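Under the working numbering, think of the first position of the sequence shown as 239, with each following residue one higher.
A short write-up of the structure that comes next.
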Amino acid sequence: MSKTILGNAEDPLIGSEDILNSGSGSNMALYHMELYRDKEHTEALDFTSPDPGIMEAEFDETLYVRAWIDGVVPVQVVTENCWISNSSNPRDSSRVVLLRNTCPVDLSVEIQAQIDTANNSQGQRASHGSFSFQVNKEYGSLGQFFVHCRLGLCTSDPAHVRGNLILCVDPKQYCSRQSLRPYLDKAVSTAQQLASKGPLRPVPRRRRVPNLQVAPSSEAPAEAEPRVIYVGVSTEVTVGIALASFAIGVGLTGALWYIHMKTDPFRRQGDKQLPGARAGVVTGVTGCNLSPHSGCSSTNSQAAMTTA
């Protein structure tokens with residue numbers, strides 16, 4: 239449904255002589271605008287669906303706004319001013335500004351690259367402008383919110399600048415030059431038109447729980463292989479253990495030898511008989527002395543003397 243709304247020159251976002259386009263099926267619609275949940279613009283928000291979940295927007299979720307124009311013409315679509323409010327009426331004074339003169343106002347706004355299909359004979363859309371923004375937690379106080387944008391046209395080819403069709407500006411360079419004098423009222427597009435989408439209900443982010451259900455399998459479960467655990471010892475520890483074992487072995491051997499020497503009964507008996515045995519070996523005859531002055535002699539010595 240489309241209707242004409244009288245312009246309000248005191249409102250810098252809306253401007254004057256705008257046509258409000260709140261539906262995409264209107265014959266008076268010059269532009270189209272959609273909201274998406276993905277950067278590739280494949281998951282569009284369907285505001286005609288009875289599913290209430292589609293109307294929800296989670297906190298910190300990034301939404302993507304895309305605008306385009308039908309036909310193949312050498313023009314660019316400009317999202318000149320964009321804002322959100324809790325009313326379907328874009329003139330409602332309670333609003334949060336997202337873009338002003340193509341420059342981001344909200345810190346979460348990011349300008350997306352524009353695609354110019356003016357030289358694409360197969361395309362049904364001449365060009366589109368898009369940006370993204372995050373759903374702030376403060377939007378929860380709104381209850382619901384609508385996205386309103388003032389769209390316009392410009393040309394990227396200087397040869398087509400004529401009449402009220404002006405040359406497009408590069409948002410990055412244009413907004414950086416506007417840093418000292420931001421948000422000038424000078425329009426950066428022509429043939430402006432208002433477009434609105436909504437409502438969206440901001441909700442807290444839900445915690446995603448992964449689906450751990452495993453589909454039943456007809457195959458028998460494979461037997462678990464025995465688990466082998468290898469415990470390794472470093473070389474230094476091995477050498478230390480070997481040296482300690484050697485020292486302990488030597489000490490024990492010495493202790494056993496000492497105990498054996500002190501407690502062996504045969505050795506102790508032999509030590510007691512040793513002095514008498516030594517005396518018999520020296521003299522050859524028990525009780526004899528081999529001194530020259532001695533009165534006894536051995537058998538060999540007597541035999542030698544008789545022969546002489």
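Think of the CB as a built atom: it goes at the ideal place given N, C-alpha and C, for glycine as much as any other residue.
Only a predicted model underlies this, so the values are computations on that prediction, with no experimental measurement involved.
Using 10 angstroms around the beta-carbon of residue i, count the other beta-carbons present and answer buried if the total reaches 16, otherwise exposed.
i	result
Gln314	buried
Arg338	buried
Gln411	exposed
Ala295	buried
Thr473	exposed
Trp495	exposed
Arg388	buried
Met499	exposed
Asn319	buried
Gly381	exposed
Leu481	exposed
Ala351	exposed
Leu283	buried
Arg445	exposed
Gln362	Note that Gln362 scores 41 on pLDDT, short of 50, meaning its location in the model is unreliable; the coordinates nonetheless yield the value given after this. Gln362 comes out exposed.
Would you call the CB atoms of residue i and residue j closer than 8 angstroms?
i	j	result
Arg400	Asp298	no
Val385	Val316	no
Leu268	Ile307	yes
Ala433	Met271	yes
Cys413	Cys341	yes
Ser326	Gly436	yes
Thr428	Gly390	yes
Ile252	Arg329	yes
Measure from the alpha carbon of residue i to the alpha carbon of each residue in the options, then state which is nearest.
i	options	result
Arg304	Thr286, Pro288, Ser414 and Lys277	Lys277
Asp289	Leu432, Asp308, Cys406 and Arg439	Arg439
Ser394	Phe383, Cys320 and Asp408	Asp408
Ser370	His270, Tyr302, Pro328 and Tyr274	Tyr302
Phe383	Cys392, Phe285, Leu403 and Gln430	Phe285
Ser379	Ser346, Gly291, Gln430 and Ile322	Ile322
Glu348	Asp330, Pro328, Thr300 and Gly492	Thr300
Val231	Ile479, Ala282, Thr280 and Gly291	Any answer about residue 231 is impossible in this case: the structure gives the chain only from 239 up to 546.
Cys392	Arg329, Pro312, Glu281 and Phe504	Pro312
Taking one C-beta from the stretch 327-346 and one from the stretch 365-385 each time, how about it: are there three or more such pairs within less than 8 angstroms?
yes
Fully enclosed by the stretch 372-427, which alpha helix (DSSP H) runs are 4 residues long or longer?
409-415
Identify every run of the beta strand (DSSP E) within the stretch 262-331, keeping only runs that are complete inside it and at least 3 residues long; order them along the chain.
269-274, 294-296, 300-308 and 314-323
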